[in-house]
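Worksheet: the structure to be examined is printed underneath.
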Amino acid sequence: NIDLGYNALIAGRLDEAEMALRKGMALDPTFPFARTNIMAVKVARKQYDSVHVYGEGATQPLGAITELRAYIATGDTAKERVMRDSARSMVFAKSKEPTGLGHAFFYAAIDDADSAFVWLNHAIDVKSSFFFTQGGLPCDPRVIQYRADPRFAMALRRLQIEPCQASVADVR
134 NIDLGYNALI AGRLDEAEMA LRKGMALDPT FPFARTNIMA VKVARKQYDS
184 VHVYGEGATQ PLGAITELRA YIATGDTAKE RVMRDSARSM VFAKSKEPTG
234 LGHAFFYAAI DDADSAFVWL NHAIDVKSSF FFTQGGLPCD PRVIQYRADP
284 RFAMALRRLQ IEPCQASVAD VR
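Every position in the sequence shown, counted from 1, becomes a number in the working numbering once 133 is added.
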């Protein structure tokens, strides 16, 4: 259910994604990837207040990054500062030799495109398993704002991945 939910999310099928992810959470309510991807569905729908229900106590970097995006979108600067520090520390402490993908998602969340692309390219260089097990980068809502950037197209060519066919509005 979690994989089905993620695949529906990156295809822009938000109702289907949420339904599959909720089924996965019914089996294990604490499973971090289900929680993180439901948070991404909520951000895509601009349902920022409900993001925090799933993000409370986020222990995974992508969950913290998704919650950070919600605080940025709502303009809650006090919570944004706290979550920015929390997300940054989770991402940078996760591994001594990071793949860089979490870093890319973090910088994308705070809209630092140059740093996001540096880390995205690092993730490609070290062959992050995300690209080969998930394949969702072209439509992933955490980087969708960069689809028009030529550096994104170059990254997809390096990965030999087709661009996302869903419209930005479908995925956001």
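The beta-carbon is built from N, C-alpha and C at its ideal position, and this holds for glycine as well.
Requested in this report: Classify Ser222 as buried or exposed, calling it buried when 16 or more other Cβ atoms lie within 10 Å of its own Cβ.
Outcome: Classification for Ser222: exposed.
Query raised in the report: How would you write the range of the alpha helix (DSSP H) that Leu160 sits in, first residue to last?
Result: 147-160
Report task. Measure the alpha-carbon distance for Tyr279 versus Arg202 and round it to whole angstroms. Result -> 15 Å
Query raised in the report: Along the chain, where does the alpha helix (DSSP H) that runs through Val215 open and close?
Result: 210-226
Report task. Using the Cα positions of Ala206 and Met172, report the straight-line distance between them to the nearest angstrom. Result -> 13 Å
Report task. Within its chain, find whatever has a CB closer than 8 Å to the CB of Ile243; leave out the 5 residues flanking it on each side and keep chain order. Result -> Leu201, Ile205, Arg217
Query raised in the report: Using the C-alpha atoms, what's the distance from Thr199 back to Val174?
Result: Rounded to whole angstroms, the gap between the alpha carbons of Val174 and Thr199 is 10 Å.
Report task. Please work out which residues of its chain come closer than 6 Å, Cβ to Cβ, to Gly94, disregarding the five sequence neighbours upstream and downstream, and give them in chain order. Result -> Summary: the structure shown does not reach residue 94, with the chain confined to residues 134 through 305, and so no result is reported for it.
Query raised in the report: Cβ atoms of Pro274 and Cys297: under 8 Å apart, would you say?
Result: no
Query raised in the report: To the nearest whole angstrom, what separates the beta carbons of Asn77 and Gly138, a pair I think is in contact under 8 Å?
Result: Missing from the structure shown is residue 77; the chain here goes from 134 to 305 and no further.
Requested in this report: Consult DSSP for Cys272 and reduce its assignment to one of helix, strand or coil.
Outcome: helix
Query raised in the report: CB Arg168 to CB Gly145, shorter than 8 Å?
Result: no
Query raised in the report: Straight-line CA distance for Gln293 to Val276?
Result: If you draw a straight line from the Cα of Gln293 to the Cα of Val276, it comes to about 17 Å.
Report task. Would you decide whether Leu160 is buried or exposed? Buried here means 16 or more other CB atoms lie within 10 Å of its CB. Result -> The residue is exposed, with fewer than 16 neighbouring Cβ atoms inside 10 Å.
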